[in-house]
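K.L.:
No gaps in the numbering here: position 85 of the sequence shown is 84 in numbering that gives the first Met the number 0, and each next residue is one more.
Note that beta-carbon positions come from the ideal geometry of N, C-alpha and C, so glycine has one too.
For clarity, every value in this text was computed on a predicted model and none was experimentally measured.
Take a look at the following structure, please.
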Amino acid sequence: MEPEAFSTAGGGSNSVRVHVTTNAGVHNREQQLRLVKDISALIAKAAGDASLAERTWVSLTVSVPCGWGIGAHAYTNQEIVRTARKLLGRD
């Protein structure tokens, strides 16, 4: 591969990286594909560069139960959902 094909955190790059962490089992494959497409489009729109959608790398990570640590507490999937809903006013 050509050296320009690589992108590193410390070097120049014309791509965007987005890391998304969700609870296990939250998204099926169709939802994952849609999420990546929507995030890529959102980044491109915010930057005012439609071509950026093709250069947006989205990393989807699934958190295991108690894999969310907030405020010195390891949350279960149910606890994090409850807490997020409460913070968003959706409880």
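Distance, Cα to Cα, Leu41 vs Ser12?
P.N.:
One C-alpha to the other measures close to 19 angstroms.
K.L.:
Please classify Asn22 as buried or exposed, where buried requires at least 16 neighbouring CB atoms within 10 angstroms.
P.N.:
It is buried - the Cβ of Asn22 has at least 16 other Cβ atoms within 10 Å.
K.L.:
Please classify Thr20: is it buried, with 16 or more other beta-carbons within 10 angstroms of its beta-carbon, or exposed?
P.N.:
Exposed, since its Cβ has fewer than 16 Cβ neighbours within 10 Å.
K.L.:
Could you please give me the residues that DSSP links to Asn22 through a beta bridge?
P.N.:
Ser62, per the DSSP bridge assignment.
K.L.:
Decide if Ser14 is buried, meaning its Cβ has at least 16 other Cβ atoms within 10 Å, or exposed.
P.N.:
Ser14 comes out exposed.
K.L.:
Measure the C-alpha to C-alpha separation of Ala52 and His18 and round it to an integer number of angstroms.
P.N.:
Their backbone Cα atoms lie some 15 angstroms apart in a straight line.
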